[in-house]
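Q: All letters in the sequence shown, in the order written, are residues 1 to 101 by the numbering used here. Take this structure first; my questions come after.
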Amino acid sequence: MVFNLGIAFQSEAGERFDVVNAADGGLCLKRHGAPKVAPGHPIAGRLSWPEKSIEKDVRGVICWSRSVDDGDMFYGVHADVSWLMDTLGDASKLEIGDGIP
Numbered sequence: 001m002v003f004n005l006g007i008a009f010q011s012e013a014g015e016r017f018d019v020v021n022a023a024d025g026g027l028c029l030k031r032h033g034a035p036k037v038a039p040g041h042p043i044a045g046r047l048s049w050p051e052k053s054i055e056k057d058v059r060g061v062i063c064w065s066r067s068v069d070d071g072d073m074f075y076g077v078h079a080d081v082s083w084l085m086d087t088l089g090d091a092s093k094l095e096i097g098d099g100i101p
């Protein structure tokens, strides 16, 4: 599920990522100007979705990272976010433009 609903992930190191995709197996995070990271690197932090009053600690492992020409770096993170998928099921009923900050 791809979305722009204002969901963010703040790592324990203080780095802020946008959550651009979620699935039962984990998250896809995006950050501009971030470094490429080798698979197997652990990541932990706080996922927040202010619109839904959700704040939850998440721990996972980076499975892949890819950069794009504009300087954005994407990370595939294997993590247990099944609890988020139920909430996102409701979000999939949103109209285009709803929830975009």
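Every residue, glycine too, gets a C-beta built ideally from N, C-alpha and C. It should be emphasised that the depicted structure is a prediction, and the values quoted were computed from it without experimental measurement.
(1) Measuring straight from C-alpha to C-alpha, what distance separates glycine 33 and aspartate 86?
(2) Given this structure, state the Cα-to-Cα distance separating aspartate 59 from glutamate 12, to the nearest angstrom.
(3) Tell me whether lysine 36 sits in a helix, a strand or coil according to DSSP, three-state version.
(4) Roughly how many whole angstroms lie between the Cα atoms of lysine 56 and arginine 46?
(5) Does the stretch 60-76 come close enough to the stretch 35-43 to have 3 or more Cβ pairs within less than 8 Å?
A: On the basis of the coordinates in this document:
(1) Each residue's alpha carbon lies about 31 Å from the other.
(2) At residue 59 the sequence reads arginine, which differs from the aspartate that was named. Between arginine 59 and glutamate 12, the C-alpha separation is close to 10 Å.
(3) If DSSP states are grouped into helix, strand and coil, lysine 36 belongs with coil.
(4) If I take the Cα positions, the gap works out to 6 Å.
(5) At 8 Å Cβ cutoff, the stretches touch.
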